[in-house]
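**Q** In the UniProt record's numbering, the protein residues as written are 1 to 81.
Cβ coordinates follow ideal geometry from the N, Cα and C atoms, glycine included.
Structure (structure tokens):
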């Protein structure tokens, strides 16, 4: 079961809580410097994901879409349910 990113959380909620979740995700995107972002700033030569090696690892990839991270989130979701 692939995890489709922030929509897993935000797609099921309506109202003020969904807005708060959106702000939280935007804040995390702002404070977490991915390898792609560091590469954009010239602070790193390689923008590949450090876990799976995919090119241009942006926040959505690093937090949700990376196959290594997906196995982690799947284990978390299974534990919670």
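Can you tell me whether residue 82 is buried or exposed? The criterion is at least 16 other CB atoms within 10 Å of its CB, across all chains shown.
**A** Absent from the structure is residue 82, since the part of the chain shown begins at 1 and ends at 81.
**Q** In the structure shown, what three-state DSSP assignment does residue 8 receive?
**A** Interpretation of residue 8 is limited by its pLDDT of 49, a score under 50 that renders its predicted location unreliable; no figure is taken from the coordinates.
**Q** Exposed or buried, residue 75, counting other C-beta atoms within 10 Å across all chains shown (16 or more means buried)?
**A** Exposed, by the Cβ-count rule.
**Q** Does the pairing of the stretch 44-56 with the stretch 21-28 give three or more beta-carbon distances under 8 angstroms?
**A** They do not touch, by the three-pair rule.
**Q** Which class does residue 80 belong to by DSSP, given the choice of helix, strand or coil?
**A** Reduced to three states, the DSSP call for residue 80 is helix.
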